[in-house]
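Note sheet for the following structure.
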Amino acid sequence: MVLVGCSSSGSSTNRTEQKETVPVEKKEILVSVAASLKDAMTEIETQYEAKNAGINLTINYGSSGSLQQQIEQGAPTDLFISAGKKQMDALEKGNFLAEGTRIDLLGNDLVLIAGKDNKGFTSFQDLAKAGKISIGTPDSVPAGKYAQEALTSMKLWGTLQAKLVLAKDVTQVLTYVESGNVDAGIVYQSDAQGSDKVKVIAIAPTDSHSTIVYPASVIANTKNLTEAKDFLSYLSGDNAQQIFVKYGFKIIK
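If you're matching positions, the sequence shown starts at 2 in this note's numbering and goes up one per residue.
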């Protein structure tokens, strides 16, 4: 009888232990994000998941244009952060955004960069002396479109077109400059700030290009509307905004 009693007690203890070790089921939130936000978003992702045990963020990085196309083609997405208004405007026109969730999240500056040891450039006008210059593809990369606008405003676009090396996103532009494959590139301030292999030569005048805005919105066909809204709200809150500023982004007031 004593043996039977011990066996029963042991089984009860095991059942209790099993209940205590059952993992919390997490909801996966799919977020498509412009490549220029990667460093800041990586830190925010870690912070948010630590504060929200039931959430698993899966972040897909790429050019805003390619991410827009993925959403239009039905790729599962809960939240989209673009580096330009053009891509978000197109999604809004196509009724791909959850009503009332679109916000302007961040701003940025457009800068000319060269390798850390480069002494040949001091301004945008010096690009006439450059061999190769990289910008994002204007049709799909917002930073490339802003670069085209700025160079056109400075009356340099026609002169420099033969020297241009078009990149799939700003991260690739930065890589080209860091590796010495091109003499100079045009990226966001936040990209330049994150690299110890390049230096900022000049900041493009704000009136030389469209205002740089990073819009964000929940996607209409999300299956996680509440969770996506919660994360978007977090991104516009003080904790996340301080991280964005640390990485060179500008708060929109």
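Just so it is clear, CB atoms sit at the ideal spot from N, CA and C, and this is done for glycine as well. No experiment lies behind these values; they were computed from the predicted model shown.
Neighbourhood of residue i by C-beta distance below 7 Å, restricted to the same chain and skipping five residues each side
| i | result |
| --- | --- |
| M42 | V34, I60 |
| D79 | I30, L31, V32, V219, I220, T223, N225, A229 |
| D170 | A36, G63, S64, G137, V142 |
| G85 | S65, P143, K146 |
Per-residue DSSP class, three states only, for residue i
| i | result |
| --- | --- |
| A229 | helix |
| I213 | coil |
| I253 | coil |
| F122 | coil |
| A168 | strand |
| N240 | helix |
| G6 | In this prediction, G6 has a pLDDT of 47, which is less than 50 and means its spatial position is unreliable; what the coordinates show is noted afterwards. Three-state result, G6: helix. |
Inter-residue Cα distance where the pair is residue i and residue j
| i | j | result |
| --- | --- | --- |
| D127 | L157 | 10 Å |
| S121 | L161 | For the record, residue 121 in the displayed sequence is Gly; it is not Ser. Cα to Cα, the separation comes out at about 16 Å. |
| E100 | A193 | 35 Å |
| S67 | I104 | 20 Å |
| D40 | Y248 | 7 Å |
| V201 | L98 | 36 Å |
Residue range of the beta strand (DSSP E) that includes residue i
| i | result |
| --- | --- |
| V171 | Where V171 is concerned, there is no enclosing beta strand (DSSP E), although the alpha helix (DSSP H) it sits in stretches over 171-180. |
Contacting residues, own chain, Cβ-Cβ under 6 Å from residue i (five flanking each side not counted)
| i | result |
| --- | --- |
| V166 | K133, S135, V183 |
| F125 | L113, M155, A203 |
| A205 | L111, A151 |
N- and C-terminal bounds of the alpha helix (DSSP H) containing residue i
| i | result |
| --- | --- |
| L68 | 65-73 |
| E26 | Segment: none, E26 is in no alpha helix (DSSP H) and carries neither H nor E. |
Query raised in the report: Between the segment 199-212 and the segment 133-153, are three or more C-beta pairs nearer than 8 Å?
Result: yes
Report task. Evaluate the contact criterion for the segment 235-246 versus the segment 169-182: three or more CB pairs, one atom per stretch, below 8 Å. Result -> no
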